[in-house]
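Residue numbers (my numbering): 677 to 939.
Okay, structure coming up:
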């Protein structure tokens with residue numbers, strides 16, 4: 677294994693979320709598979725792409741693939757001693773909360789999703805470096821960067837003073853203390869696409885600051901950290917494609933076009 681750069685702490689464990697929606701996913705069924713992570717992207721099951729990117733990063737020692745149907749996911753993944761495929765909880769927040777509360781969990785943890793089909797080792801390395809020593813870190817992409825690269829892309833944006841941001845499906849947990857915001861997340865998980873609902877749980881002052889764009893992203897993140905007694909960091913991703921996932925047919929067409937060099 678290659679030496680790990682000083683900015684990337686050794687010993688990271690990655691959680692690759694490969695769950696499915698209760699009751700079946702129409703998007704998956706329309707693509708001829710039972711589960712969304714099994715949708716074929718550029719000729720292979722989608723889950724294989726972020727998994728391969730994670731395994732190419734020297735600082736990641738282990739990848740835990742989490743799914744409600746681990747046998748189905750295991751059938752499309754090549755065997756690797758660094759990879760385990762495990763049953764997940766009913767929801768993302770419940771799954772992560774259980775892992776954070778588990779005394780056997782080793783930190784730091786990196787979390788990403790099976791639909792992050794454009795994830796690259798460079799994106800992961802940048803995020804890990806930016807997340808170092810934080811209790812919680814969140815990867816984000818600024819709207820103008822994505823608009824310049826993909827003006828046709830539709831995303832959910834949260835506005836702050838100086839810019840609007842969308843999630844990059846990259847999270848890091850540096851300690852078990854980060855269970856506090858995850859527990860709060862469980863309360864609004866069904867509305868996770870509505871950014872203001874995530875801000876509401878941290879108090880009216882923070883909501884007002886973001887809604888009226890009175891605070892920058894970093895000021896807002898620092899305010900949340902002070903409220904929770906945690907070191908929280910927003911990591912702005914250099915590559916705007918970090919904000920692109922595969923959640924609907926138009927996303928799939930766009931991602932395959934990007935992979936083919938046609939977009």
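Glycine included, every Cβ here is placed at the ideal spot set by N, Cα and C. This one's a predicted model, so the numbers in the text were calculated from it and none came from an experiment.
- In the DSSP annotation of this structure, the continuous segment of the beta strand (DSSP E) that includes residue 737 starts and ends at 736-743.
- Between the alpha carbons of residue 850 and residue 812 lies a distance of about 6 angstroms.
- The beta carbons of residue 711 and residue 800 sit no closer together than 8 angstroms.
- In this structure, residue 794 places its C-beta atom within 8 angstroms of the C-beta atom of residue 920.
- In the structure shown, residue 789 adopts extended strand secondary structure according to DSSP, grouped into three states.
- In terms of Cα proximity to residue 740, the closest of 772, 807 and 933 is 772.
- Between residue 893 and residue 848, the gap from beta carbon to beta carbon reaches 8 angstroms or more.
- The beta-carbon distance between residue 687 and residue 732, rounded to whole angstroms, is 17 angstroms. This is too long to meet the 8 angstroms contact definition.
- In the structure shown, the three-state DSSP call for residue 849 is strand.
- Per DSSP, the unbroken beta strand (DSSP E) holding residue 815 starts and ends at 812-818.
- Taking residue 910 as reference, the option from 936, 842, 852 and 860 with the minimal CA-CA separation is 842.
- The beta carbons of residue 939 and residue 930 sit closer together than 8 angstroms.
- Residue 723 is positioned such that its CB atom lies closer than 8 angstroms to that of residue 749.
- Comparing alpha-carbon positions, the option among 797, 752, 742 and 913 lying closest to residue 761 turns out to be 742.
- Exclusion of the five residues before and after residue 714 leaves 704, 721, 722, 723, 748, 749 and 752 as the residues of its chain whose Cβ lies within less than 8 angstroms of its Cβ.
- In the DSSP assignment, residue 909 falls outside any alpha helix (DSSP H) and within the unbroken beta strand (DSSP E) covering 908-912.
- Sequence-distant partners of residue 697 (beyond 5 residues in either direction) whose C-beta falls short of 8 angstroms from its own C-beta, in its chain, are 712.
- Within the same chain, Cβ atoms closer than 6 angstroms to the Cβ of residue 819 are found at 833 and 840, the five residues on either side in sequence being excluded.
- For residue 781, the CB contacts under 6 angstroms within the same chain, skipping 5 residues up- and downstream, are 775 in chain order.
- Counting along the chain, residue 904 sits inside the alpha helix (DSSP H) bounded by residues 893-904.
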